[in-house]
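No gaps in the numbering here: position 114 of the sequence shown is 114 in full-length UniProt numbering, and each next residue is one more.
As structure tokens, the structure follows; a few thoughts come after it.
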Amino acid sequence: MNDDCVELGPLGSIYDYTYTGEISEGAFGVVFKGQNKAGQTVAIKKLKVSNNHFHSTHTREIQNLRALDHKNIIRLLEIATNKTHDKFLVFEYCPVDLKTVISEISCIGLPVVKRIVRDLFDGLKYVHSKGIIHRDIKPDNVLIDQEGNVKIADLGSSRLLRKEHSYTPGMVTLRYRAPEIFLGSTSYGPEIDMWSCACLMTELILGKALLDGTSELEQIDRMCSVLGSPTPDNWPDLLSLPNAKSLCFPQQPHNLLKKHVPNLTESAYHLLEKLFSYNPGSRLSALEAFEHQFFEEEPLPAKNALLSLDFVESSPLNCKL
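Right under this line is the structure:
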């Protein structure tokens, strides 16, 4: 893919913005905090290009963000350029991401966890309804805006769902990767995002990753030790997947989720167990998760995630788009 694959439309001028600090740098761009002429704070991503071509992640991010309009999806405000024809994506600004929240808040209360996770499900049910898979749900890519709303960000890995289409194996950051991807599936669907949500939800509760492997084999071992091993009984299509016969799963028949994530209600365990289903066909959809009884019982979700965290932004480096 290159920049000919996406119609950029009218471009704004980057000179309409004032830079106020660098936020982060990644493989495909540098992110700055800035202000427009009206004084609105924004996040600006300068895209890294090769031979004047966009990377496929840029194309996907622009195409899919333009197709989405929801309160829990980061908003692309405009695409800007400069005299040397560099390209910049200008986003609404969010003061914090969940990676920072988890690392800096010692105990995140259940009302805040509920608010964050419910907003995440709300955003994903909209994304999935538009035929898009995010493919990289993790704390770094879930932001909180200044009104306390969750914003799903970084759609560079996202893909449109197409019938009889194969997708790249090995997607999703290791600790949030669904089992069908480890097993080589190339026909996965939005269910992979829901497994990632379960990983993120338990990380908010525990303050650390539940499935914390540092390699694929270690991650599979950790997955089996907590959730029990996948079998044809709990995953009928298991043996039809490309890597099923080459992977040797630890023999652990028991689901030990309650031991590793203690002191939750039965509805919380039901939600997590249905999201952590090995069989993608049995995994809850984003709509089903959003409507789950867990969010109706006390304590209710917080009205404002940011205020309830009593989080104070201490540095522009705590910000992300």
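Here a beta-carbon is modelled for each residue, glycine too, at the ideal position from N, C-alpha and C.
According to the Cβ coordinates, are residue i and residue j closer than 8 Å?
{"i": "ILE137", "j": "ILE74", "result": "no"}
{"i": "LEU124", "j": "HIS134", "result": "yes"}
{"i": "ALA289", "j": "LEU271", "result": "yes"}
{"i": "ASN255", "j": "LEU238", "result": "no"}
{"i": "residue 337", "j": "VAL113", "result": "No answer is possible for residue 337: the residues shown for the chain start at 1 and end at 321."}
{"i": "SER277", "j": "PRO253", "result": "no"}
{"i": "ASN64", "j": "LEU155", "result": "yes"}
{"i": "LEU110", "j": "VAL150", "result": "no"}
{"i": "GLU297", "j": "SER267", "result": "yes"}
{"i": "HIS58", "j": "LEU76", "result": "no"}
{"i": "GLU104", "j": "ASP145", "result": "no"}
{"i": "ILE102", "j": "GLY207", "result": "yes"}
{"i": "LEU210", "j": "GLN219", "result": "no"}
{"i": "SER158", "j": "ILE132", "result": "yes"}
Using alpha carbons as the reference points, say which of the options lies closest to residue i.
{"i": "HIS260", "options": "CYS224, SER277 and PRO242", "result": "CYS224"}
{"i": "ASP140", "options": "SER196, SER56 and GLN251", "result": "SER196"}
{"i": "PRO301", "options": "VAL117, TYR176 and ALA244", "result": "VAL117"}
{"i": "GLY184", "options": "SER229, PRO242, ARG283 and GLY148", "result": "PRO242"}
{"i": "ARG222", "options": "ASN72, HIS58, LEU284 and CYS199", "result": "CYS199"}
{"i": "LEU247", "options": "LEU98, GLU216, LEU206 and GLU22", "result": "GLU216"}
{"i": "ILE205", "options": "ALA305, ASP145 and CYS107", "result": "CYS107"}
{"i": "PHE88", "options": "GLU61, CYS94, LYS303 and GLU104", "result": "GLU61"}
{"i": "PHE32", "options": "LYS83, THR84 and CYS94", "result": "CYS94"}
Might you give, ordered along the chain, the residues of its own chain that have their beta carbon closer than 7 Å to the beta carbon of residue i, omitting 5 neighbours on each side?
{"i": "TYR269", "result": "LEU257 and LYS258"}
{"i": "residue 330", "result": "Look at the range of the chain in this structure, 1 to 321, and you will see that residue 330 is not part of it."}
{"i": "LYS130", "result": "ALA67 and LEU68"}
{"i": "GLY34", "result": "TYR17, THR18, TYR19, THR20, VAL42 and ILE44"}
{"i": "PRO232", "result": "LEU238 and LEU239"}
{"i": "LEU11", "result": "ILE79, ALA80 and THR81"}
{"i": "GLN251", "result": "SER229"}
{"i": "GLY148", "result": "ASN304, ALA305, LEU306 and LEU307"}
{"i": "PRO179", "result": "MET223, PRO230 and TYR278"}
Please work out which residues of its chain come closer than 6 Å, Cβ to Cβ, to residue i, disregarding the five sequence neighbours upstream and downstream, and give them in chain order.
{"i": "ASN318", "result": "Legend: pLDDT at ASN318 = 38, less than 50; position of this residue unreliable, value from coordinates given subsequently. If we look at ASN318 and ignore the five residues flanking it on each side, its Cβ neighbours are VAL96 and THR100."}
Give every residue of the same chain whose Cβ lies closer than 8 Å to the Cβ of residue i, excluding the five residues on either side of it in the sequence, and list them in chain order.
{"i": "THR214", "result": "LEU174"}
{"i": "LEU275", "result": "MET194, TRP195, CYS197, ALA198, MET201, ARG283, LEU284 and ALA289"}
{"i": "SER315", "result": "In this predicted model, SER315 has a pLDDT of only 34, less than 50, meaning its place in the structure is not dependable; the value taken from the coordinates is given anyway. Correct list: empty, nothing qualifies."}
{"i": "PHE294", "result": "LYS114, THR265, SER267, ALA268, HIS270 and LEU271"}
Restricting to runs no shorter than 3 residues, where is the beta strand (DSSP E) found entirely within the region 4-82?
Residue ranges of uninterrupted beta strand (DSSP E) with 3 or more members, entirely inside the region 4-82 and ordered along the chain, are 17-26, 29-36, 41-47 and 76-81.
In the region 130-182, which residue ranges form an unbroken alpha helix (DSSP H) of at least 4 residues, counting only runs that do not cross its ends?
With a minimum length of 4 residues, the continuous alpha helix (DSSP H) runs that stay inside the region 130-182 are 179-182.
In chain order, which alpha helix (DSSP H) runs of at least 4 residues are fully inside the region 189-226?
Here the runs fully enclosed are 191-206.
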